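Chains A and B are the protein sequences, given in the same order. FYI, our numbering numbers position 70 of the first sequence as 70, with every residue one higher than the one before it. In our numbering, each residue's number is its place in the second sequence (first place is 1) plus 1000.
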Amino acid sequence: HFFPNITSIPRSLAGNGSAWGVFNKFLGCHAGQKVDGLARLKNYFHYFGYIGNHSGSNFTDDFDDLLESAIKTYQLNFNLNTSGELDAPTIQHMMRPRCGNADIVNGSSTMASGKAAPPPTTVHTVAH
Amino acid sequence: YSFFPGQPRWPAGTSELTYAFLPGNQLTATVKSVFTRAFERWSEVIPITFTQTEVYRSADIKIGFYTGDHGDGEAFDGSMGTLAHAFSPPSGHLHMDGDEDWVLDGNFLNAPASILSAVDMESVAVHEIGHLLGLGHSSVEDSIMYPTLGSATRKVELAQDDIQGIQVLYGSNPSFNGTTSVLTPGQGNDTSGAYS
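As structure tokens, then:
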């Protein structure tokens, strides 16, 4: 669908919104809950690398540690409050259209989450 | 900025890369010119030029519009959602989601508020070319390589973060003086997009 300018988009196509608009219903969900459709959210995080392949792809609707960890990493990467909760800024950000490439490839990322913690061998020094 | 694991890049000494469009898409010259502009934004800062070729099979970079499952294991999801994806060097594959409402002129001033599905094609093209060259996603919101793009939003000018990242891989274009030029059709970044 190519349009020379925005005014040439037919009204019939306007207002489709985000393919991830359904995520709105998860606003306020938190660890320990079980909510219908939460597995779809896990699929989203799996697709973009926030849940590793080792976790399989048959996700449950449980708001478990796996999901909380994925949310925290996502929030870190996108400079959101790292609460691990599905707050409004996080949900709204997840619904934005985006590049299909994963943020985390094979478990590694040099986005903010990959730079947050120093490697274990780092020795903290103080200038003297 | 970030790189793909292993920091893949086009081979050292590469000074020119060719690109071609999937013949089956039958893209117009106007659509192709959007990509030409997007390539120019990167060639301005690194010592690599991009040349269009009609020979799709032998082109270094292959650009195509696809819908749904198109055989690479990364199915598109219809309007909005994922907009495009591209593979790390030296794969050269850039896939755009054919279900999006792609806007060519990059002008979203006075856009009707009801148009939630409009996507600026050049903004996405510049981002995906970054992947083709070896850049991963960035957490810097102003950067081209930030993963999300609001609808009816234009972001086409490389940020310092993008320039630093790509120059780690390829060095600087000797002609680059530290600032990028504004390319026609003229509008720079418009991240205040009404719907972003």
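Glycine included, each C-beta is placed from N, C-alpha and C at the ideal position. Every value quoted in this text rests on a predicted model; they were computed, and no experiment measured them.
The C-beta distance from I1063 of chain B to N1173 of chain B rounds to 23 Å, too long to fall under 8 Å, and the pair is not in contact. In the three-state reduction of the DSSP assignment, G1071 of chain B falls in the coil class. Minimum Cα-Cα distance from P4 of chain A among the listed residues B:S1015, B:P1008, B:F1004 and B:V1031 corresponds to B:V1031.
V1119 of chain B has B:W1102 as its beta-bridge partners, per DSSP. A straight line joining the alpha-carbon of Y74 of chain A with that of Y50 of chain A spans about 7 Å.
Here the stretch 1034–1046 of chain B does not lie against the stretch 1077–1084 of chain B, with fewer than 3 beta-carbon pairs under 8 Å apart. The bridge partners DSSP lists for L1135 of chain B are B:F1003. Judged by DSSP secondary structure, K1062 of chain B falls within the beta strand (DSSP E) whose first and last residues are I1061 to Y1066. If you ignore the 5 residues before and after G1092 of chain B, its C-beta comes within less than 7 Å of the C-beta of D1060, I1061, K1062 and L1132, all in its own chain and listed in chain order. Fully enclosed alpha helix (DSSP H) runs of no fewer than 4 residues occupy 1160–1170 of the stretch 1132–1183 of chain B, in order along the chain. Three or more Cβ pairs closer than 8 Å define a contact, and the stretch 24–43 of chain A meets that threshold against the stretch 85–93 of chain A.
Here DSSP, grouped into helix, strand and coil, assigns F2 of chain A to strand. Annotation for G114 of chain A: S108 place their beta carbon closer than 7 Å to its own, counting only its chain and skipping 5 residues before and after. Taking one beta carbon from each stretch, the stretch 57–71 of chain A and the stretch 1102–1120 of chain B have fewer than 3 pairs nearer than 8 Å; the two do not touch. Taking a beta-carbon distance threshold of 8 Å, F3 of chain A counts as an interface residue toward chain B.
Along the stretch 98–111 of chain A, going in chain order, the ones with a CB nearer than 7 Å to a CB of chain B are R98, C99, G100, N101, D103, V105, N106, S108, S109, T110 and M111. Straight-line spacing of the CA atoms in E1016 of chain B and L1094 of chain B works out to 17 Å. For T1053 of chain B, the three-state secondary structure derived from DSSP is coil. Taking a beta-carbon distance threshold of 8 Å, R40 of chain A does not count as an interface residue toward chain B.
Burial of D1097 of chain B is indicated by the presence of at least 16 other C-beta atoms within 10 angstroms of its C-beta. About 26 Å separates the beta carbon of P10 of chain A from that of T1148 of chain B, a gap too long to meet the 8 Å contact definition. Within the stretch 1001–1022 of chain B, Y1001, S1002, F1003, F1004 and P1005 place their CB atoms closer than 9 Å to a CB of chain A, listed in sequence order. Taking G1068 of chain B as the centre and dropping the five residues before and after it, the same chain places the C-beta of A1075 and F1076 closer than 7 Å to its C-beta, in chain order. One thing to note: L1169 of chain B has its Cβ within 8 Å of the Cβ of G1134 of chain B. Residue burial annotation: T90 of chain A is buried, with at least 16 other C-beta atoms found within 10 angstroms of its C-beta.
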